[in-house]
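Chains as they are written, first to last, in UniProt numbering: chain A, 1 to 187; chain B, 1 to 187; chain C, 1 to 187; chain D, 1 to 187.
The beta carbon of each residue, even a glycine, is placed where N, CA and C say it ideally should be.
Remember, it's a predicted structure, so these values are computed and weren't measured experimentally.
Heads up: the structure comes next, in structure tokens.
Protein chains: 4
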Amino acid sequence: MSRDKILDAAVRVFSRSGYHRSSMDEIALEAGVAKGTLYYHFPSKALMFQALITEGMRMITGRIKSAINQDRTLQEQIELVIRLNVDLFLEYSELAHIFFNEISNGIEEDVLLVVRNERDAYMQFIADILIEAGMAQEDGRMAASGVLTMLNGLCGYYLRHPGEAKREQINRLLYAAVTTGLLQGQA
Amino acid sequence: MSRDKILDAAVRVFSRSGYHRSSMDEIALEAGVAKGTLYYHFPSKALMFQALITEGMRMITGRIKSAINQDRTLQEQIELVIRLNVDLFLEYSELAHIFFNEISNGIEEDVLLVVRNERDAYMQFIADILIEAGMAQEDGRMAASGVLTMLNGLCGYYLRHPGEAKREQINRLLYAAVTTGLLQGQA
Amino acid sequence: MSRDKILDAAVRVFSRSGYHRSSMDEIALEAGVAKGTLYYHFPSKALMFQALITEGMRMITGRIKSAINQDRTLQEQIELVIRLNVDLFLEYSELAHIFFNEISNGIEEDVLLVVRNERDAYMQFIADILIEAGMAQEDGRMAASGVLTMLNGLCGYYLRHPGEAKREQINRLLYAAVTTGLLQGQA
Amino acid sequence: MSRDKILDAAVRVFSRSGYHRSSMDEIALEAGVAKGTLYYHFPSKALMFQALITEGMRMITGRIKSAINQDRTLQEQIELVIRLNVDLFLEYSELAHIFFNEISNGIEEDVLLVVRNERDAYMQFIADILIEAGMAQEDGRMAASGVLTMLNGLCGYYLRHPGEAKREQINRLLYAAVTTGLLQGQA
DNA sequence: GATGAATGAGCCTTCATTCAT
DNA sequence: CATGAATGAAGGCTCATTCAT
Numbered sequence: 001m002s003r004d005k006i007l008d009a010a011v012r013v014f015s016r017s018g019y020h021r022s023s024m025d026e027i028a029l030e031a032g033v034a035k036g037t038l039y040y041h042f043p044s045k046a047l048m049f050q051a052l053i054t055e056g057m058r059m060i061t062g063r064i065k066s067a068i069n070q071d072r073t074l075q076e077q078i079e080l081v082i083r084l085n086v087d088l089f090l091e092y093s094e095l096a097h098i099f100f101n102e103i104s105n106g107i108e109e110d111v112l113l114v115v116r117n118e119r120d121a122y123m124q125f126i127a128d129i130l131i132e133a134g135m136a137q138e139d140g141r142m143a144a145s146g147v148l149t150m151l152n153g154l155c156g157y158y159l160r161h162p163g164e165a166k167r168e169q170i171n172r173l174l175y176a177a178v179t180t181g182l183l184q185g186q187a
Numbered sequence: 001m002s003r004d005k006i007l008d009a010a011v012r013v014f015s016r017s018g019y020h021r022s023s024m025d026e027i028a029l030e031a032g033v034a035k036g037t038l039y040y041h042f043p044s045k046a047l048m049f050q051a052l053i054t055e056g057m058r059m060i061t062g063r064i065k066s067a068i069n070q071d072r073t074l075q076e077q078i079e080l081v082i083r084l085n086v087d088l089f090l091e092y093s094e095l096a097h098i099f100f101n102e103i104s105n106g107i108e109e110d111v112l113l114v115v116r117n118e119r120d121a122y123m124q125f126i127a128d129i130l131i132e133a134g135m136a137q138e139d140g141r142m143a144a145s146g147v148l149t150m151l152n153g154l155c156g157y158y159l160r161h162p163g164e165a166k167r168e169q170i171n172r173l174l175y176a177a178v179t180t181g182l183l184q185g186q187a
Numbered sequence: 001m002s003r004d005k006i007l008d009a010a011v012r013v014f015s016r017s018g019y020h021r022s023s024m025d026e027i028a029l030e031a032g033v034a035k036g037t038l039y040y041h042f043p044s045k046a047l048m049f050q051a052l053i054t055e056g057m058r059m060i061t062g063r064i065k066s067a068i069n070q071d072r073t074l075q076e077q078i079e080l081v082i083r084l085n086v087d088l089f090l091e092y093s094e095l096a097h098i099f100f101n102e103i104s105n106g107i108e109e110d111v112l113l114v115v116r117n118e119r120d121a122y123m124q125f126i127a128d129i130l131i132e133a134g135m136a137q138e139d140g141r142m143a144a145s146g147v148l149t150m151l152n153g154l155c156g157y158y159l160r161h162p163g164e165a166k167r168e169q170i171n172r173l174l175y176a177a178v179t180t181g182l183l184q185g186q187a
Numbered sequence: 001m002s003r004d005k006i007l008d009a010a011v012r013v014f015s016r017s018g019y020h021r022s023s024m025d026e027i028a029l030e031a032g033v034a035k036g037t038l039y040y041h042f043p044s045k046a047l048m049f050q051a052l053i054t055e056g057m058r059m060i061t062g063r064i065k066s067a068i069n070q071d072r073t074l075q076e077q078i079e080l081v082i083r084l085n086v087d088l089f090l091e092y093s094e095l096a097h098i099f100f101n102e103i104s105n106g107i108e109e110d111v112l113l114v115v116r117n118e119r120d121a122y123m124q125f126i127a128d129i130l131i132e133a134g135m136a137q138e139d140g141r142m143a144a145s146g147v148l149t150m151l152n153g154l155c156g157y158y159l160r161h162p163g164e165a166k167r168e169q170i171n172r173l174l175y176a177a178v179t180t181g182l183l184q185g186q187a
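Listed below in structure tokens is the structure:
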């Protein structure tokens with residue numbers, strides 16, 4: 001259906017150029033529909049973006065939860081969550097950048113609120129794992145915030161220095177930051 | 001002078017609305033000068049942004065370097081660097097936010113390059129300390145990138161949840177991420 | 001359609017104020033459409049200008065060529081071409097004025113090239129007749145250039161001094177310049 | 001003095017870029033004075049241009065008249081005037097273009113009027129020679145207009161096709177147009 | 001459901017001009 | 001005489017949005 005073609009195209013375009021540099025023209029072109037069609041399915045650019053984030057997160061958290069919902073040790077869970085997050089981040093890098101760096105993009109305030117809530121829910125989801133592993137409530141939420149932005153930074157570095165860094169490093173360093181400290185996170 | 005008024009206003013406006021949503025009109029208004037005056041002092045919006053970053057970083061790195069240049073153990077150095085960074089980040093949160101986040105979306109390529117170099121130089125500066133502490137070269141650079149964005153995320157959380165989080169937590173979690181792992185970073 | 005309204009208005013405005021003093025606002029106003037509509041139909045001011053020249057010339061050369069394509073002596077051909085050119089110039093004086101004068105000052109290089117080619121093609125068309133009449137190749141091209149700008153000047157004079165000059169004089173002087181010299185071109 | 005430096009620079013700049021593309025900044029730079037100095041000596045850009053044309057024409061017509069004011073045959077006079085005009089045109093090509101192509105440049109109406117008068121005086125000066133050579137009054141004025149725009153066209157062609165055309169051709173073709181007709185103007 | 005022509009507010013930038021020194 | 005910092009009107013262009021079909 002048109003709606004899905006549009007949403008798929010929008011993810012690609014937003015992810016390639018960021019929210020502001022992505023134009024409705026470009027999205028329509030990429031989706032292979034007329035520009036008016038975008039407005040048939042979504043009331044505005046901002047609300048299209050919101051739909052994309054909301055539905056995308058539903059899918060993503062679903063995928064992660066179902067992957068976790070099997071008997072695993074805490075350590076395995078942490079490793080798995082990290083790996084899945086890194087994979088997702090690298091696949092949808094610009095979108096993830098937007099998702100984790102709120103203010104940077106002057107989206108309409110109400111839409112921003114929805115995106116933030118979505119993000120906070122996701123962070124709580126990560127925090128819960130850390131808390132279950134023994135962290136204090138407060139520390140857990142804050143640490144989750146830190147871990148996810150660190151993931152943001154490591155992936156960013158990886159993408160900006162192709163060839164230099166290896167993908168496996170990202171996972172290793174993140175795991176180290178959580179469990180042993182970065183200074184021990186090496187052979 | 002006008003130039004300083006403009007730069008001050010630009011930091012506020014850019015960090016409030018992000019690069020793209022900030023208009024030259026808004027900056028001129030905030031600075032209390034005519035729009036033409038912006039172009040008397042800076043050739044373009046992008047180059048104004050570049051000047052703001054370059055001059056801001058010169059001040060910040062200068063302050064950190066002069067604070068470190070004394071005999072200390074590595075551990076003390078790490079603690080100190082973290083504390084200074086957190087202090088600076090919270091003091092100049094607007095500038096810092098721009099520096100760490102607003103570096104991707106459609107600024108002219110050459111300006112982007114200058115800003116990135118500035119940031120990479122700073123990260124290398126942090127990386128050198130980690131490497132001296134025993135990290136591998138590659139891991140050091142990448143880890144520095146991760147630590148600084150984590151700092152970004154923790155400070156952001158702190159600022160977004162006033163009252164909930166305490167400032168000391170930021171330092172403690174960062175130090176833990178570097179030395180013992182976040183899960184051990186608690187009493 | 002909008003596109004035609006715009007092109008018509010553009011000819012009027014450009015020939016009234018010249019390329020640089022003509023603003024897109026003015027053209028939109030004259031065409032009775034919104035400014036954005038101009039950009040829906042033409043990618044830029046320069047390309048609008050190019051379209052106007054190209055399409056205008058296509059019409060004009062078409063008309064002249066079809067009038068010539070019959071058996072005539074060279075002398076008749078020269079007389080005919082002069083008369084047709086004068087007629088066209090006076091009928092489309094605005095467009096002609098642009099075509100012969102407004103071709104130098106700071107339009108984008110590629111557009112300028114297209115317009116010049118269009119004009120050179122037309123001049124070659126005139127040159128061929130002179131060459132066939134016995135002129136050297138080189139001289140023919142250059143002379144055609146001279147004759148057409150002279151036509152420009154004579155018609156301009158005629159239009160600027162209504163009442164003083166008679167239309168027939170234009171034809172006579174031009175014909176004289178080509179065949180007997182201006183000094184002999186009189187009863 | 002400053003005034004002369006400015007006028008000299010203005011001729012170069014206007015002649016290089018045309019009236020509209022020449023900025024007061026550029027003129028000040030070329031003259032080696034501050035921008036404010038321009039306005040100390042001239043009330044506005046348009047009036048500076050007017051001064052430049054008026055004083056330039058005074059010099060030019062002076063030069064031509066003094067060259068003519070010696071015993072010569074009419075034929076020699078015509079040859080001489082043509083040569084001098086071509087020399088001047090090629091030396092100050094853009095300026096000459098402006099001078100002969102009025103409307104093209106949307107200069108302020110009053111200044112335009114002065115420039116036009118200056119030009120009409122010059123054309124009358126050329127016309128007088130043609131009339132003395134036997135042309136009718138009316139034809140003389142119109143023909144002078146035609147000859148000068150033809151000169152405009154030939155020089156333009158020469159400048160646009162470097163290498164192809166030779167400078168001597170311009171003189172020869174112009175002389176032919178006046179005396180024998182272009183078709184006879186060749187060996 | 002879908003289209004695409006048309007819109008107009010808003011953006012970055014240029015530049016002739018002013019004025020206090 | 002001369003300066004140069006400051007101005008603000010105006011220009012070309014982009015783009016989210018509307019609406020008749």
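Identify the contact partners of residue 169(C) in chain D, using a Cβ-Cβ distance below 8 angstroms as the criterion.
Within 8 angstroms of the CB of residue 169(C), the CB atoms of chain D belong to 138, 139 and 142, in sequence order along the chain.
Would you mind reading off the limits of the alpha helix (DSSP H) that contains residue 126(A)?
Residues 109-132.
Between 73(C), 3(C), 90(C) and 110(C), which has its C-alpha nearest residue 130(C)'s C-alpha?
When each option's Cα is compared against that of residue 130(C), the closest is 73(C).
Counting pairs of Cβ atoms below 8 angstroms between the segment 2-9 of chain D and the segment 38-49 of chain D, do you hit three or more?
Between the segment 2-9 of chain D and the segment 38-49 of chain D, the count of C-beta pairs closer than 8 angstroms reaches three or more; the two stretches touch.
Grab the span of the alpha helix (DSSP H) containing residue 10(D) for me, first residue to last.
Bounds of the alpha helix (DSSP H) holding residue 10(D) are 2-21.
Looking at the C-beta of residue 21(A), does it have a partner C-beta in chain B at a distance below 9 angstroms?
Yes, because at least one Cβ of chain B sits closer than 9 angstroms to the Cβ of residue 21(A).
Am I right that residue 53(B) and residue 115(B) are in contact with their C-beta atoms under 8 angstroms? What's the rounded C-beta distance?
Here residue 53(B) really is in contact with residue 115(B); their C-beta atoms are around 5 angstroms apart, less than 8 angstroms.
In whole angstroms, give me the CA-to-CA distance for residue 84(D) and residue 64(D).
Using only the alpha carbons, I get a separation of about 7 angstroms.
Identify which residue in 70(D), 10(D), 46(D) and 50(D) has its Cα closest to the Cα of residue 117(D).
The residue from 70(D), 10(D), 46(D) and 50(D) with its alpha-carbon nearest to that of residue 117(D) is 50(D).
For residue 142(C), report the span of its alpha helix (DSSP H) as first-last.
Note, residue 142(C): alpha helix (DSSP H), 137-160.
Backbone CA spacing between residue 25(B) and residue 35(B) [nearest angstrom]
Their Cα atoms are separated by approximately 6 angstroms.
Quick check on residue 166(A): does DSSP put it in helix, strand or coil?
Correct three-state label for residue 166(A): coil.
Given that a residue counts as buried once 16 or more other Cβ atoms are within 10 Å of its Cβ, and exposed if not, what is residue 139(D)?
Buried, since its Cβ has 16 or more Cβ neighbours within 10 Å.
Out of 178(A), 159(A) and 180(A), which has the shortest C-alpha to C-alpha gap to residue 91(A)?
Nearest in C-alpha terms to residue 91(A), of all of 178(A), 159(A) and 180(A), is 159(A).
Using 10 angstroms around the beta-carbon of residue 141(B), count the other beta-carbons present and answer buried if the total reaches 16, otherwise exposed.
Label assigned to residue 141(B): buried.
Beta-carbon neighbours of residue 66(C), restricted to chain D and to distances below 9 angstroms
Per Cβ cutoff of 9 angstroms: no residues; residue 66(C) is ~25 angstroms from chain D at best.
Apart from the five residues just before and just after residue 15(D), which ones in its own chain have a Cβ nearer than 6 angstroms to its Cβ?
Answer for residue 15(D): 92, 94 and 95, listed in chain order.
Just to confirm the assignment, what range does the alpha helix (DSSP H) spanning residue 37(A) have?
That run of the alpha helix (DSSP H) goes 35-41.
Just to confirm, is the Cβ distance from residue 37(A) to residue 181(B) under 9 angstroms?
Residue 181(B) sits away from residue 37(A), with the two beta carbons spaced by 9 angstroms or more.
Selection from 162(D), 164(D), 144(D) and 154(D) that minimises the alpha carbon distance to residue 78(D)
Ranking the options by Cα distance to residue 78(D), first place goes to 144(D).
Take residue 174(A) and list the residues in its own chain whose beta-carbon comes closer than 8 angstroms to its own, dropping the five residues that flank it on each side.
82, 86, 147, 150, 151 and 154, listed in sequence order.
Going by the CB atoms, is the gap between residue 89(B) and residue 56(B) shorter than 9 angstroms?
Between residue 56(B) and residue 89(B), the CB-CB gap reaches or exceeds 9 angstroms.
Kindly indicate which three-state DSSP category residue 181(D) falls into: helix, strand or coil?
If DSSP states are grouped into helix, strand and coil, residue 181(D) belongs with coil.
If you measure from the beta carbon of residue 149(A) to each beta carbon in chain B, is any gap under 9 angstroms?
Interface residue, yes.
What span of residues does the alpha helix (DSSP H) with residue 50(D) cover, start to end?
Its alpha helix (DSSP H) spans residues 45-68.
From 48(C), 133(C), 137(C) and 109(C), residue whose alpha carbon lies closest to that of residue 75(C)
Nearest neighbour of residue 75(C) by Cα position, chosen from 48(C), 133(C), 137(C) and 109(C), turns out to be 133(C).
Any beta carbon of chain B sitting closer than 9 angstroms to that of residue 115(A)?
Using a CB distance cut-off of 9 angstroms, residue 115(A) does not count as an interface residue toward chain B.
Residues of its chain near residue 167(C), where Cβ-Cβ distance is below 6 angstroms and the 5 sequence neighbours each way are ignored:
Within the same chain, no Cβ atom closer than 6 angstroms to the Cβ of residue 167(C) is found once the five residues on either side in sequence are excluded.
Are the CB atoms of residue 21(A) and residue 20(B) nearer to each other than 9 angstroms?
In terms of Cβ geometry, residue 21(A) and residue 20(B) form a close pair [threshold 9 angstroms].
With residue 135(D) and residue 183(C) assumed to form a contact (beta carbons below 8 angstroms), what rounded beta-carbon distance in angstroms separates them?
Yes, residue 135(D) and residue 183(C) are in contact; Cβ-Cβ is about 6 angstroms, under 8 angstroms.
Work out the CA separation of residue 120(D) and residue 171(C) for me, nearest whole Å.
Rounded to whole angstroms, residue 171(C) to residue 120(D) spans 22 angstroms at the Cα level.
Residue 46(C) and residue 31(C) - do their beta-carbons sit closer together than 9 angstroms?
Their beta carbons are not under 9 angstroms apart, which means residue 31(C) does not touch residue 46(C) by this criterion.
Is any beta-carbon of chain A found at less than 9 angstroms from that of residue 11(B)?
For residue 11(B), the nearest beta carbon of chain A is not closer than 9 angstroms to its own beta carbon.
Count the other CB atoms within 10 Å of the CB of residue 69(C); is the residue buried (16 or more) or exposed (fewer)?
The residue is exposed, with fewer than 16 neighbouring Cβ atoms inside 10 Å.
Is DSSP giving residue 72(A) helix, strand or coil here?
Annotated three-state conformation of residue 72(A) is coil, per DSSP.
Tell me which residues share the same chain as residue 12(A) and place their Cβ nearer than 8 angstroms to its Cβ, disregarding the 5 neighbours each side in the sequence.
Closer than 8 angstroms at the Cβ level, and outside the excluded window around residue 12(A), lie 30.
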